[in-house]
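Chains as they are written, first to last, in our numbering: chain A, 1 to 211; chain B, 212 to 422.
Remarks on the structure that follows.
Number of protein chains: 2
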Amino acid sequence: MIHFTTAELLELPRRYRANLINCLAGFKSVNLIGTQNETGQTNLAIFNSVVHIGANPPLMGFILRPTTVARHTYQNIQSTGHYTINSVSKAMMAQAHQTSAKYEVGQSEFEHCGFSSKYLEGFSAPFVTESAVQIGLQFEEEHYIKANDTRLVIGRIQHLRLPSGHIAESGHLDLEQLDSIAMTALDTYFTPTFLARMAYAQPDQPPQQIK
Amino acid sequence: MIHFTTAELLELPRRYRANLINCLAGFKSVNLIGTQNETGQTNLAIFNSVVHIGANPPLMGFILRPTTVARHTYQNIQSTGHYTINSVSKAMMAQAHQTSAKYEVGQSEFEHCGFSSKYLEGFSAPFVTESAVQIGLQFEEEHYIKANDTRLVIGRIQHLRLPSGHIAESGHLDLEQLDSIAMTALDTYFTPTFLARMAYAQPDQPPQQIK
Numbered sequence: 001m002i003h004f005t006t007a008e009l010l011e012l013p014r015r016y017r018a019n020l021i022n023c024l025a026g027f028k029s030v031n032l033i034g035t036q037n038e039t040g041q042t043n044l045a046i047f048n049s050v051v052h053i054g055a056n057p058p059l060m061g062f063i064l065r066p067t068t069v070a071r072h073t074y075q076n077i078q079s080t081g082h083y084t085i086n087s088v089s090k091a092m093m094a095q096a097h098q099t100s101a102k103y104e105v106g107q108s109e110f111e112h113c114g115f116s117s118k119y120l121e122g123f124s125a126p127f128v129t130e131s132a133v134q135i136g137l138q139f140e141e142e143h144y145i146k147a148n149d150t151r152l153v154i155g156r157i158q159h160l161r162l163p164s165g166h167i168a169e170s171g172h173l174d175l176e177q178l179d180s181i182a183m184t185a186l187d188t189y190f191t192p193t194f195l196a197r198m199a200y201a202q203p204d205q206p207p208q209q210i211k
Numbered sequence: 212m213i214h215f216t217t218a219e220l221l222e223l224p225r226r227y228r229a230n231l232i233n234c235l236a237g238f239k240s241v242n243l244i245g246t247q248n249e250t251g252q253t254n255l256a257i258f259n260s261v262v263h264i265g266a267n268p269p270l271m272g273f274i275l276r277p278t279t280v281a282r283h284t285y286q287n288i289q290s291t292g293h294y295t296i297n298s299v300s301k302a303m304m305a306q307a308h309q310t311s312a313k314y315e316v317g318q319s320e321f322e323h324c325g326f327s328s329k330y331l332e333g334f335s336a337p338f339v340t341e342s343a344v345q346i347g348l349q350f351e352e353e354h355y356i357k358a359n360d361t362r363l364v365i366g367r368i369q370h371l372r373l374p375s376g377h378i379a380e381s382g383h384l385d386l387e388q389l390d391s392i393a394m395t396a397l398d399t400y401f402t403p404t405f406l407a408r409m410a411y412a413q414p415d416q417p418p419q420q421i422k
């Protein structure tokens, strides 16, 4: 085993450390966050930090880094209260990654990266037509992370759009069938394959596979 | 497409809704969080909400649900300041899932689920010997999420232990080679396969695959 202390991690070359630390949490979700400002200028940005917060009420969160791209997303959420979280399939991977490029103000990633927007009445943020899972959220609360100037942004699900035929009787959504991808670091993409569904764990019973 | 509004989501059966909403963020990381209380009683719990917060300083976060199992983890972190985040491989999946069973106070998931603990000098939380990636963290800050009584807990990496030969020149950790797994919902596990590593995106260039 190799052992790094905090001091040793801080001495590593910047890019090397960023890649290494970004891999430590494990596989991450891949999503596109869609917003628009008050004049109708749209923004679309890839995020790998979307996290489940709760099912009742239905809440999702994401970590907002102090970057230029992220700031458009944040400013738009602040001014309109609305944003969308859209899933990324294998076929969308390269275009979705391209949304991380620093386009100039006034240019939309929808247009430059080849995505189509869709709107629902009474909801100002654009959904990504190409995404299988399209979630419309209302900003709920945010938390400023003092340690590194980032933010946890939490929203309440107002709209959920899904292709029919992909929800199991149990409520599970078949992300593999929808060709959803996962990632590590900031640039490496993976296709997950079903391994097992486990039964609810009981202290007096050994672990049991449902399927 | 099926369309659910907030009201329609809230009318769904509880389990069905929990499974569905838990799948929406996409694939999640799988980690074991190890702690011990002031009398040396250890605790080990599976978490699917560990999220990268930043590389400089090296910070990781996780969402703590208001559950019994999670509370031991939280109480131990509060009282000692230390915890470990440990990766889960395919071979460890069933045992790791079993840590979600509600064992009685005084019983350790290390013993009941078949994991070995390891300690580093000056650091009170137990590492999981079986895990390829073993991270020791010092509690940094926490944020109470008013919307659903959960918490974002953030720690600073103090120790990082990894098997040698799995870090690329770029700093990327080969999670596929380490047999790391991903999950959806609360019970469904996946093995991710490498798809592509993309180049840093530039606004005037099309997306480019590095490998």
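Backbone N, C-alpha and C fix where the C-beta goes; we use that ideal spot for every residue, glycine too.
Residues near Met394 (chain B) by beta carbon distance below 6 Å, same chain, minus five either side
Lys239, Val241, Asn259, Tyr400
Of all the beta strand (DSSP E) runs that stay within the bounds of the region 367 to 403 of chain B, which reach a length of 3 or more residues?
393 to 395
Chain B within 8 Å of Gly114 (chain A), Cβ atoms only:
no
Taking beta-carbon pairs under 9 Å, can you tell me which members of the region 232 to 254 of chain B lie near chain A?
Ile232, Asn233, Cys234, Leu235, Ala236, Gly237, Phe238, Lys239, Ser240, Val241, Asn242
Give me whichever residues DSSP pairs with Glu352 (chain B) in a beta bridge.
B:Ile365
The alpha helix (DSSP H) that contains Ile21 (chain A), what's its start and end?
14 to 24
If you reduce the DSSP assignment to three classes, tell me which class Ser29 (chain A) lands in.
strand
Determine the contact status of Asn248 (chain B) and Gln306 (chain B), defining contact as a CB-CB distance below 8 Å.
no
Could you tell me whether any Cβ in chain B is nearer than 8 Å to the Cβ of Tyr83 (chain A)?
no
Would you list the residues sitting across from Leu255 (chain B) in a DSSP beta bridge?
B:Gly245
Of the listed residues B:Leu389, B:Glu320, B:Gln416, B:Gln413, nearest to Ser342 (chain B) (C-alpha basis):
B:Leu389
Looking at chain A, is there any beta carbon in it that lies within less than 8 Å of the beta carbon of Thr291 (chain B)?
no
Measure the Cβ-Cβ separation of Ser180 (chain A) and Ser100 (chain A) and say whether it is below 8 Å.
no
Can you tell me which of the three DSSP states Ala196 (chain A) falls into?
strand
Considering only their Cβ atoms, is the gap separating His82 (chain A) from Ser124 (chain A) smaller than 8 Å?
yes
Excluding five sequence neighbours on each side, which residues of the same chain lie with their C-beta closer than 8 Å to the C-beta of Leu373 (chain B)?
Ala343, Val344, Gln345, Leu384
What first and last residue would you give for the alpha helix (DSSP H) that runs through Phe321 (chain B)?
320 to 324
Alpha carbon to alpha carbon, how far is Ile145 (chain A) from Ile378 (chain B)? Give it in angstroms, no decimals.
29 Å
Assuming Thr250 (chain B) is part of the beta strand (DSSP E), what are its boundary residues?
Note, Thr250 (chain B): premise wrong, no beta strand (DSSP E); not H, not E.
Beta carbon of Thr291 (chain B) nearer than 8 Å to that of Gly347 (chain B):
no
So which residues on chain A does Ala412 (chain B) lean against when the C-beta distance must stay under 8 Å?
His97, Gln98, Thr99, Ser100, Ala101
Tell me which residues share the same chain as His283 (chain B) and place their Cβ nearer than 6 Å to its Cβ, disregarding the 5 neighbours each side in the sequence.
Asn254
Does any heavy atom of the ligand ZN sit closer than 7 Å to the C-beta of Pro126 (chain A)?
The ligand ZN is not among the ligands present in this structure, which contains no ligands whatsoever.
6 Å CB neighbourhood of Glu142 (chain A) in its chain, flanking five on each side removed
Arg151, Val153
Among B:Gly366, B:Asn359, B:Arg367, which has the Cα closest to the Cα of Arg156 (chain A)?
B:Asn359
Would Thr402 (chain B) be called buried (16 or more neighbouring beta carbons within 10 Å of its own) or exposed?
buried
Going by beta carbon distance, what residues of the same chain come within less than 8 Å of Thr68 (chain A), once the five residues before and after it are set aside?
Note that Thr68 (chain A) has pLDDT 49, beneath the 50 cutoff, so the model's placement of it is unreliable and no number is given.
So for Thr129 (chain A), helix, strand or coil by DSSP?
coil
Hey, could you find the ends of the beta strand (DSSP E) Ala96 (chain A) is sitting in?
Note, Ala96 (chain A): premise wrong, no beta strand (DSSP E); alpha helix (DSSP H) at 93 to 98.
What are the boundary residues of the alpha helix (DSSP H) that includes Ala7 (chain A)?
6 to 11
Can you tell me which residues form a DSSP beta bridge with His52 (chain A)?
A:Met60
What residue from B:Asn233, B:Ile244, B:Leu243 has the CA that sits closest to Ala396 (chain B)'s CA?
B:Asn233
Hey, quick one: how far does the beta strand (DSSP E) through Tyr294 (chain B) stretch, first residue to last?
293 to 298
Contact with chain B by Glu140 (chain A), beta-carbon distance below 8 Å
yes
What is the rounded straight-line gap between the Cα of Gly40 (chain A) and the Cα of Leu120 (chain A)?
14 Å
Would a check of beta-carbon distances place Glu261 (chain B) closer than 8 Å to chain A?
A small correction: the amino acid at residue 261 (chain B) is Val; Glu does not occupy that position in the sequence shown. Val261 (chain B) counts as touching chain A.
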